[in-house]
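Protein chains in written order, with the working numbering: chain A, 324 to 689; chain B, 324 to 689.
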């Protein structure tokens, strides 16, 4: 079995440290990938610190993975050794249900839902109605590691024109914002609001502008208005009640990337009739809301989860075509705990991306 | 000016009593209607008792009006003297905005929104950005009256096959449930949930079944399960956690007719992927909700307001075609205060409809 080195949390309260483990041998339909870069997602922190109460330890986070194929199973046809590839949030799904057939594996209706790139099945045996685990694995180790082995159909092609480090965050932050923009049919000329301007908000603004939308960023930080302008978007302070009122009934779609529960009532009046406010980051309870506001314009509140495999390939290709890359800052893996602190406390606008050469160096040094 | 007799609330705390007032003379594009029947909507009570804090007194409620044309202006082409006609929740709108052009006058974006059948413009001068009232009327008197004068384009035709008394509730309860069922594209074979089983719920069940849907009623009252069965729907007690769990991810659409704020979290898990929970009755703050539940199935929470004029005609014709009539109980107007008590305290499954002959008798007796 291929040996791998990773960075893992052993407990909710502990810092991430080196871990050695075995990856499975690449089966006929699997590829083994040498990891080059891995993005740091806010979910990594939530999972490592057991914020959702479901973490399986040791926890090796990382689901924005870019690497090179170093081994391809006998039946593999999509990828070959040497290819630059990506792995996002999922490494398997039931492949039987309606959602899987529709290319929406993120909504897999199988007994265990999809197999997450780290932390195992979304519905482990204890949560499954069948009481079993079809994947046979209670835990999975993510991209904070030297290598991983994945079914080829869950492996994406990194198109030419995307640099491998900047491509990493597209695999989660990119597709998580792209998918709802497409599903709610944002089109050229539409007015789109983006609430929250961190890693997801950055991608959301770039993607919506590339789709031809007129984009406004809603932020609580005055400095971010200038940053929005650099991307070609307007910036509005949420606390500026005059500016907010002037925007009433002017938005076709508002995408919220705020990673916590938040009031929707200040934003719903900004939607036009039949407009939608979709929150992709708040895996958390939301406060109460005015249903009257929804009724008076047939408006909706929605949620959306990452994106399917086909759509993840689509957003990678879209970014290559439109010259879109997330703002990133490269770090060695040894700085991961410091990066977590920054993401949690600070108001980090860029995405941290781990250069996995720093981890491989530990093998050399050992 | 035509003299009219009505029943009005003078204060939020007073019982409805007789009022005499002038109706305007029918203009070239207006018809004068002799009122035969008027349904009693829960909104009538909310408005009479100033629950929304915007009531203009005296308040003559009633927006489920069926009557006969007794005078037609010189330019009137759609209706003629003797026609059986209906008037719903609106008697005018700006006729200029996108929503009016789309036949969705209930979402009129004009400075004063639509002119309600009673209580005047939805946005009176004080609420309008222009600070004016384009309708020139601060109050309107509804259907608890002997007659009313309305622009012909806001007057509906009561099709043959509908009895005039039973047609009345279709003008509000009917279109309020029909409109979202159509907008969210409920089709034959769909599974539809109806939450709350009063006047709106009754119509919602009948309409959804006529559209070919498989309908389940969610109720808090055990006795209503048998009543749902009579209409051809399943009935489920919301408190039956086992039954609720068994229905997880089985509904395409859930329509809530509950007339107050209520938790949506027990119902969202019952929706399939991309399903919507739409609440039409709750003109009130809703409690907090789990956004994670929305995310995990790309689900939406929505609202919907009555229906446009074209759609109101559509639902009247649909009911005639499918032999649908609301369950009603006819009362003389002198019993209106007692009926309000019943609707408020009791669990009234049918719709009260006032026979306006009882009011005209007061004129004879006077």
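Where is the CB? At the ideal position from N, CA and C, for every residue including glycine.
If we cut at 8 angstroms on Cβ distances, does residue i have a partner in chain B?
i: residue 627/A; result: yes
i: residue 416/A; result: no
i: residue 422/A; result: yes
i: residue 618/A; result: yes
i: residue 501/A; result: no
i: residue 708/A; result: No statement about residue 708/A is possible, as the shown extent of chain A runs from 324 to 689 and does not include it.
i: residue 292/A; result: Past the boundaries of the shown model lies residue 292/A; chain A is included only from 324 to 689, so the question cannot be answered.
i: residue 611/A; result: yes
i: residue 430/A; result: yes
i: residue 596/A; result: yes
i: residue 395/A; result: no
Does residue i come within less than 8 angstroms of chain A when only Cβ atoms are used?
i: residue 608/B; result: yes
i: residue 338/B; result: no
i: residue 537/B; result: no
i: residue 506/B; result: yes
i: residue 297/B; result: Here chain B has residues from 324 to 689 only, and residue 297/B is not among them.
i: residue 637/B; result: no
i: residue 623/B; result: yes
i: residue 366/B; result: no
i: residue 599/B; result: yes
i: residue 333/B; result: no
i: residue 572/B; result: yes
In terms of residues, what are the limits of the alpha helix (DSSP H) holding residue i?
i: residue 487/B; result: 487-490
i: residue 342/A; result: Here residue 342/A belongs to no alpha helix (DSSP H); instead the beta strand (DSSP E) covers 340-345.
i: residue 422/B; result: 421-424
i: residue 525/A; result: 522-533
Confirm, please, whether the CB-CB distance from residue j to residue i is below 8 angstroms.
i: residue 495/A; j: residue 626/A; result: no
i: residue 467/B; j: residue 677/B; result: yes
i: residue 658/A; j: residue 341/A; result: no
i: residue 332/B; j: residue 371/B; result: yes
i: residue 518/B; j: residue 575/B; result: no
i: residue 527/A; j: residue 539/A; result: no
i: residue 418/A; j: residue 631/A; result: no
i: residue 546/B; j: residue 353/B; result: no
i: residue 339/A; j: residue 660/A; result: yes
i: residue 490/A; j: residue 639/A; result: yes
i: residue 478/A; j: residue 404/A; result: no
i: residue 585/B; j: residue 566/B; result: no
i: residue 470/B; j: residue 355/B; result: yes
i: residue 449/A; j: residue 435/A; result: no
i: residue 592/B; j: residue 616/B; result: yes
i: residue 601/A; j: residue 570/A; result: no
i: residue 628/A; j: residue 368/B; result: no
First and last residue of the beta strand (DSSP E) that includes residue i?
i: residue 621/B; result: It is not in any beta strand (DSSP E) - residue 621/B carries neither H nor E in the DSSP assignment.
i: residue 361/A; result: 353-362
i: residue 452/A; result: Where residue 452/A is concerned, there is no enclosing beta strand (DSSP E), given that its DSSP letter is neither H nor E.
i: residue 654/B; result: 651-655
i: residue 326/A; result: 326-331
i: residue 394/A; result: 388-395
i: residue 413/A; result: 413-415
i: residue 474/A; result: 470-474
i: residue 407/B; result: 407-410
Can you tell me which of the three DSSP states residue i falls into?
i: residue 501/B; result: helix
i: residue 483/A; result: coil
i: residue 632/B; result: helix
i: residue 681/A; result: helix
i: residue 663/A; result: helix
i: residue 574/A; result: strand
i: residue 367/A; result: helix
i: residue 597/B; result: strand
i: residue 638/B; result: helix
i: residue 438/A; result: strand
i: residue 688/A; result: helix
i: residue 509/A; result: coil
i: residue 675/B; result: strand
i: residue 432/A; result: coil
i: residue 550/A; result: helix
i: residue 537/A; result: strand
With DSSP as the reference, identify every bridge partner of residue i, one or two as the case may be.
i: residue 560/A; result: 542/A
i: residue 374/A; result: Residue 374/A is not bridged to any residue.
i: residue 608/B; result: 613/A
i: residue 444/A; result: 438/A
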